Every structure is written in C-alpha cells, then in structure tokens.
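Just below is one structure, and these are the notes that go with it.
Protein chains in written order, with my numbering: chain D, 42 to 149; chain A, 9 to 166.
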C-alpha cells in the first residue's frame, strides 16, 4: 500500500448556497516510471491516476492525473453547499487499489 | 524526494542490444524514457481533444510561478470565468506541458455543483517549459491560456 493518510479540509458547516473550498492531499510517491534506482533499473510507474469526489452520491468533481503531478498529490477545488450530507473522496492507484475518505457537511 | 536521474540514464546501447528478447523487452520499457513532449506533441494532443476546433484565448486564467526553483513541485492554479449554471458551465480543464517526458499533466472534470472553477495542484517540470490550460465548455467551445515557467532544478527525469 503506497497510498497513505488522505487529508481533506472543508468547512463542516455551511449556509445553503455558500461556495466552499475543498482541499485534498494524500501521501503517495507518484512514481513516474522515468526514474532509475541505484542499480540503474527503471522503477516501474505507480501513480494515483484518479480522484473522484461525490456529494450525496452525485459526481461533484473528478481529476485524472498523469505522472507529471507531484508526489503527495494536492488538489483543491470549489463546490456549492446545497444540502447536508456526505462528501466522499476516492483515490485510485494504477493497480486499481482505492482509498476512500468521507466528510460530513451540515448545511443550514 | 529522490533525485530523478535521467541524465545518465538515457537508453543505454548495451541495454538495447542485449539479445533479440532483450531488444524487444528493452524497447517496450525504454521507449517512454526517450520520448519527450514538445510543442508539436502538445499541439497534437490538443487537436485530438478538440477534434480540430478552434481554441480561443480568454476566460482561462493560469497562475504559475515565473521561476520555479524546484521542478519537483511547481504550484499551479487555474480559474475559468463561467457562471457554472444552466447552459454555461465548464465541463473540464485540461493541463498540458511541453517540456516533460509526456504532454499530459491532469484533467479536472466539473459539475454544475462545482459552482466556481478554481482548481489548484502541484506539478513536476523536467525543465523550463510552457504550461497550457484548456477549458472545455458545455457548448463545445474551447478556451486556453499558456505560461512559461523557468525551472532552476528539474523534476521528473530532468
């Protein structure tokens, strides 16, 4: 498991219609497949190639990432707080392995 | 962050001529190492994206540093001017770079719930190069912005 410690920052309380910023970060080497180890062997590519974000089950935002994204990929974006519920974040690695993180938001 | 040593690691003759099987295997593994994104390669990828449609200037604001001391992590921010409602919204923002081993950097897909298009990330840059951000609008039009980043110490195989 090379994916570790997903971190998400968003306001857990918001007014209806408020535009909120969502910041995401996950620990991952984002191995490009370009690098060689001390023995001169190519280190195989292994990156997080996708981040999917849903808001109460509906797709809110997604990102497709290439090896040109830095290690420990940081992505921030915005959303409109329409209803209370759950915002779910799923990071997907090259091998298909997933890591999911959930945040709740209370909209008044 | 480990040093990305590609300078002394370009496909080596001995690797390539190590027998027929070796040649085949090495060919597959090593070809991407030799590949370089160029402005032409980026233009090709953009053409594939747009289906040859015109990409207009405007609407997109790409914020990158003029000089990046460390090419391993260059901050990047894209804003697109859009109401993000009704028929006027941004479907996606595509980021390309013309001096990395490959042109693709990232694609961000938005929904009407996004409310506002402002996305930030951090990218690798092998050397001084141009970054191109293309916004794909809901009505099928494309807008772009481009900026050069001077890189002091390259990341990802630079």
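The beta carbon of each residue, even a glycine, is placed where N, CA and C say it ideally should be. Since this is a predicted model, take the numbers as computed values, not measurements.
Requested in this report: State the Cα-Cα distance for the pair residue 139 of chain A and residue 118 of chain D, rounded to the nearest angstrom.
Outcome: Position 131 of the second chain, counted from the first residue, corresponds to residue 139 of chain A. Position 77 of the first chain, counted from the first residue, corresponds to residue 118 of chain D. Their Cα atoms are separated by approximately 19 Å.
Query raised in the report: What does residue 117 of chain A reach in chain D if we use C-beta pairs closer than 9 Å?
Result: To locate residue 117 of chain A, count along the second chain from 1; it is residue 109. Near residue 117 of chain A (Cβ distances below 9 Å), the residues of chain D are 100, 102, 103, 104 and 105.
Query raised in the report: Can a CB atom of chain D be found closer than 8 Å to the CB of residue 47 of chain A?
Result: Start at 1 with the first residue of the second chain, and residue 47 of chain A comes out as number 39. No - not a single Cβ of chain D is within 8 Å of the one on residue 47 of chain A.
Query raised in the report: For residue 27 of chain A and chain D, any beta-carbon pair shorter than 8 Å?
Result: Within the second chain, the letter at position 19 stands for residue 27 of chain A. Per-residue confidence for residue 27 of chain A stands at a pLDDT of 40, beneath the threshold of 50, marking its modelled position as unreliable; the derived number appears in the next sentence. Interface flag for residue 27 of chain A against chain D is unset, since no Cβ pair is found closer than 8 Å.
Query raised in the report: Roughly how many angstroms lie between the CA atoms of residue 38 of chain A and residue 48 of chain A, to the nearest whole one?
Result: Residue mapping note: residue 38 of chain A aligns to position 30 of the second chain, counting from 1. Residue mapping note: residue 48 of chain A aligns to position 40 of the second chain, counting from 1. Low confidence applies here, because residue 38 of chain A scores a pLDDT of 40, under 50, leaving its location unreliable and the question unanswered by this model.
**Report entry** Exposure of residue 75 of chain D, with buried meaning 16 or more beta-carbon neighbours within 10 Å
**Finding:** By 1-based counting over the first chain, the position of residue 75 of chain D is 34. If you draw a 10 Å sphere on the C-beta of residue 75 of chain D, you find 16 or more other C-beta atoms in it, and that means buried.
Query raised in the report: For the candidate residues A:122, A:92 and A:86, whose alpha-carbon lies nearest to that of residue 100 of chain D?
Result: Position 59 of the first chain, counted from the start, is the residue given in the question as residue 100 of chain D. The candidate whose alpha carbon is nearest that of residue 100 of chain D is A:122.
Query - Beta-carbon spacing of residue 57 of chain A, residue 102 of chain A below 8 Å - result: Here residue 57 of chain A corresponds to residue number 49 of the second chain, with the count starting at 1. Here residue 102 of chain A corresponds to residue number 94 of the second chain, with the count starting at 1. Cβ distance < 8 Å, so residue 57 of chain A and residue 102 of chain A count as in contact.
**Report entry** residue 161 of chain A, buried or exposed, once every other Cβ within 10 Å from all chains shown has been counted against 16
**Finding:** The count along the second chain starts at 1 and reaches residue 161 of chain A at position 153. Counting the other CB atoms within 10 Å of its CB gives residue 161 of chain A a total below 16, which places it among the exposed residues.
Requested in this report: Would you check if there are 3 or more beta carbon pairs closer than 8 Å linking the segment 92 to 108 of chain D to the segment 124 to 142 of chain D?
Outcome: Yes: at least three Cβ pairs fall under 8 Å.
Requested in this report: Specify whether the segment 79 to 87 of chain D and the segment 124 to 143 of chain A touch according to this definition: at least 3 beta carbon pairs, one from each stretch, less than 8 Å apart.
Outcome: Below 8 Å, too few C-beta pairs join the segment 79 to 87 of chain D and the segment 124 to 143 of chain A to call them touching: fewer than three.
Query - Where the beta strand (DSSP E) through residue 104 of chain D begins and ends - result: Walking along the first chain from the start, residue 104 of chain D turns up at place 63. 99 to 106 is the span of the beta strand (DSSP E), which, as asked, contains residue 104 of chain D.
Query - Through-space distance from residue 84 of chain A to residue 135 of chain A, alpha-carbon basis - result: Here residue 135 of chain A refers to the residue found at position 127 when the second chain is read from its first residue. Here residue 84 of chain A refers to the residue found at position 76 when the second chain is read from its first residue. Each residue's alpha carbon lies about 16 Å from the other.
Requested in this report: Could you pull out every residue in the same chain whose Cβ sits closer than 6 Å to the Cβ of residue 45 of chain A, ignoring the five residues on either side in sequence?
Outcome: Along the second chain, read from residue 1 onward, the residue named residue 45 of chain A stands at position 37. Only 106, 108, 110 and 111 meet the Cβ criterion.
Query - Among A:59, A:53, A:50 and A:51, nearest to residue 148 of chain A - alpha-carbon criterion - result: Reading the second chain from its first residue, position 140 is the one you call residue 148 of chain A. For the residues A:59, A:53, A:50 and A:51, the minimum Cα distance to residue 148 of chain A belongs to A:59.
Query raised in the report: Closest by CA to residue 99 of chain A, which one among D:104, D:72 and D:111?
Result: Against the second chain, residue 99 of chain A aligns to sequence position 91. That would be D:104, whose Cα lies nearest to the Cα of residue 99 of chain A.
Query raised in the report: In its own chain, which residues sit with a C-beta less than 6 Å from the C-beta of residue 141 of chain D, not counting the 5 before and 5 after it?
Result: In the first chain, the residue the question calls residue 141 of chain D occupies position 100. Excluding residues within five positions, the ones whose Cβ falls inside 6 Å are 131.
Requested in this report: In the DSSP assignment, find the beta strand (DSSP E) that holds residue 45 of chain D and state where it starts and stops.
Outcome: Counting from one through the first chain, the residue named residue 45 of chain D turns up at place 4. Residue 45 of chain D -> beta strand (DSSP E) spans 45 to 50.
Requested in this report: Helix, strand or coil for residue 52 of chain A, going by three-state DSSP, please let me know.
Outcome: Position 44 of the second chain, counted from the start, is the residue given in the question as residue 52 of chain A. Three-state DSSP puts residue 52 of chain A in a helix.
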